[in-house]
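Presented below is the structure to which this report refers.
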């Protein structure tokens, strides 16, 4: 696995659709020492509380037949909304602290949502992206993954 260089005071966002860790490197690029800055969690409700239980129906343009519309995945929609909120919160934090480096770590699907949701002002400081789900690991293990171990 490739080593990801995170300079001193560099920022790391580790998240998935339900939890986000904002970390900052208090060490240097050679000896990463990530410290927790903030944690955001989203507690999803049960599926029956999120939306309707039946998909809508549409009439075909020709003939009398009808078909149902694909059901909305309410959990996926909630996760996407959470990731968009995280992107905006992190953008504000990074601008406030004048950050120069951000590393994104998230499962591939979540990484795609984050990439689109990050404001244009923050995109230039994203130096690395890692498509892995590390959010539930201890910080020491996250450091090892980023160090290439």
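Numbering (the UniProt record's numbering), first residue to last: 1 to 149.
Every residue, glycine too, gets a C-beta built ideally from N, C-alpha and C.
Item to check | Coil, strand or helix - residue 39 by DSSP | outcome: Residue 39 sits at position 39 when you count from the first residue of the chain shown. In the structure shown, residue 39 falls within a strand segment according to DSSP collapsed to helix, strand and coil.
Item to check | Local conformation of residue 103 per DSSP, three classes | outcome: Within the chain shown, numbered from 1, the residue matching residue 103 stands at position 103. DSSP places residue 103 in strand when its eight states are reduced to three.
Item to check | Start-to-end residues for the beta strand (DSSP E) that takes in residue 25 | outcome: Taking the first residue of the chain shown as position 1, residue 25 is located at position 25. Run containing residue 25: 19-25, per the beta strand (DSSP E) assignment.
Item to check | Contact belief for residue 6 with residue 101 at Cβ below 8 Å, rounded distance in angstroms | outcome: Along the chain shown, one-based indexing puts residue 6 at 6. Along the chain shown, one-based indexing puts residue 101 at 101. With 8 Å as the limit, residue 6 and residue 101 qualify as a contact, their Cβ atoms being about 7 Å apart.
Item to check | Contact check, residue 3 vs residue 92, beta carbons under 7 Å | outcome: By 1-based counting over the chain shown, the position of residue 3 is 3. By 1-based counting over the chain shown, the position of residue 92 is 92. Using a Cβ distance threshold of 7 Å, residue 3 and residue 92 do not count as a contacting pair.
Next on the checklist: Please classify residue 103 as buried or exposed, where buried requires at least 16 other C-beta atoms within 10 Å of its C-beta.
Outcome noted: By 1-based counting over the chain shown, the position of residue 103 is 103. Flag for residue 103 reads buried.
Checklist entry - Which one of 122, 27, 105 has the shortest CA to CA distance from residue 98? => result One-based indexing of the chain shown puts residue 98 at position 98. It is 122.
Checklist entry - Relative to the C-alpha of residue 9, which residue among 16, 25, 18, 15 is closest? => result On the chain shown, position 9 is the one that residue 9 refers to. Answer by Cα proximity: 25.
Item to check | Which of helix, strand or coil DSSP assigns to residue 89 | outcome: For the purposes of this step, residue 89 is taken as the residue at position 89 of the chain shown. It is helical.
Next on the checklist: Here's the rule: buried if 16 or more other CB atoms are within 10 angstroms of the residue's CB, otherwise exposed. What is residue 140?
Outcome noted: What you label residue 140 is simply residue 140 of the chain shown in a count that begins at 1. With fewer than 16 other Cβ atoms within 10 Å, it is exposed.
Next on the checklist: Do residue 38 and residue 110 count as a contact pair if the criterion is CB distance below 7 Å?
Outcome noted: Stepping through the chain shown from its first residue, residue 110 is reached at position 110. Stepping through the chain shown from its first residue, residue 38 is reached at position 38. No, they are not a contact pair.
Next on the checklist: So, at 8 Å on beta carbons, what are the nonlocal neighbours of residue 236 in its own chain, with the 5 sequence-adjacent residues on each side left out?
Outcome noted: Since the first residue shown for the chain is 1 and the last is 149, residue 236 is missing from the structure and cannot be characterised.
Next on the checklist: Considering Cα atoms alone, identify which of 115, 96, 85, 145 is closest to residue 20.
Outcome noted: Along the chain shown, one-based indexing puts residue 20 at 20. The residue with the shortest Cα to Cα distance from residue 20 is 85.
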